Amino acid sequence: MIIKRTPQAASPLASWLSYLENLHSKTIDLGLERVSQVAARLGVLKPAPFVFTVAGTNGKGTTCRTLESILMAAGYKVGVYSSPHLVRYTERVRVQGQELPESAHTASFAEIESARGDISLTYFEYGTLSALWLFKQAQLDVVILEVGLGGRLDATNIV
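Numbering that gives the first Met the number 0 numbers the first residue of the sequence shown as 0 and each following residue consecutively.
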């Protein structure tokens with residue numbers, strides 16, 4: 000039995016992502032109860048006054064980008080969570096059109112790790128909670144969430 004040590008908040012993002020990939024035995028574990036419990040502990044069930052959840056088969060990324068541009072042009076402070084990333088993990092979370100630094104992501108992972116206790120989370124659930132935590136810290140007006148593969152049971156639907 001291999002025991003993986005939890006990375007520290009200051010650990011490199013690659014260490015955290017490796018840890019998260021090995022933390023849960025399934026890539027998809029449908030259901031919102033586990034992720035909702037951790038979100039409640041983190042206080043991120045309402046990350047901003049307004050939340051748009053974008054779902055569907057095609058065009059979600061384009062819709063999120065367009066909505067982000069319109070809202071920013073109207074003067075709103077906007078955060079976007081999308082997946083998967085193409086090159087860098089940090090592509091998944093944007094605030095005011097900008098990716099956040101790796102250190103912000105690792106700090107959020109440390110907060111989630113502390114809050115989850117013995118609740119098992121998938122890689123995507125961890126990422127979703129991270130985005131919500133980062134958005135809450137940024138005190139945004141609007142959050143745009145792109146639904147992943149889980150449809151109505153996707154982790155983005157906890158808000």
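Just so you know, even glycine gets a beta-carbon here, dropped at the ideal spot from N, CA and C. On a predicted model such as this, the values are computed, not experimentally measured, just so you know.
Looking only at its own chain, which residues have a Cβ that is under 6 Å from the Cβ of residue i, when we skip the five neighbours before and after it?
| i | result |
| --- | --- |
| Ile-1 | Interpretation of Ile-1 is limited by its pLDDT of 45, a score under 50 that renders its predicted location unreliable; the figure taken from the coordinates is listed afterwards. For Ile-1, where only same-chain residues beyond five positions count, there are no Cβ hits under 6 Å. |
| Ser-82 | Arg-91, Gly-147 |
| Val-94 | Gly-78, Ala-137 |
Cβ of residue i within 9 Å of Cβ of residue j?
| i | j | result |
| --- | --- | --- |
| Leu-12 | Gly-126 | no |
| Arg-33 | Ile-118 | yes |
| Val-50 | Glu-145 | no |
| Leu-128 | Ala-106 | no |
| Val-158 | Pro-46 | yes |
| Val-92 | Leu-133 | yes |
| Leu-44 | Val-141 | no |
| Leu-31 | Leu-152 | yes |
| Ile-143 | Glu-67 | yes |
| Val-37 | Ala-114 | yes |
Looking only at DSSP bridge pairs, what is residue i linked to?
| i | result |
| --- | --- |
| Glu-144 | As written in the sequence, residue 144 is Leu, which differs from the Glu given in the question. Thr-52, Tyr-80, per the DSSP bridge assignment. |
Go through its chain and collect everything with a Cβ distance to residue i's Cβ below 8 Å, but skip five positions before and after it.
| i | result |
| --- | --- |
| Gly-150 | Ala-54 |
- Any 3 or more C-beta pairs closer than 8 Å across the segment 97-111 and the segment 56-76: no
Would you list, in sequence order, the uninterrupted beta strand (DSSP E) runs of no fewer than 3 residues that lie entirely inside the segment 92-121?
92-94
Taking three-plus beta-carbon pairs below 8 Å as touching, is the segment 78-85 in contact with the segment 109-116? no
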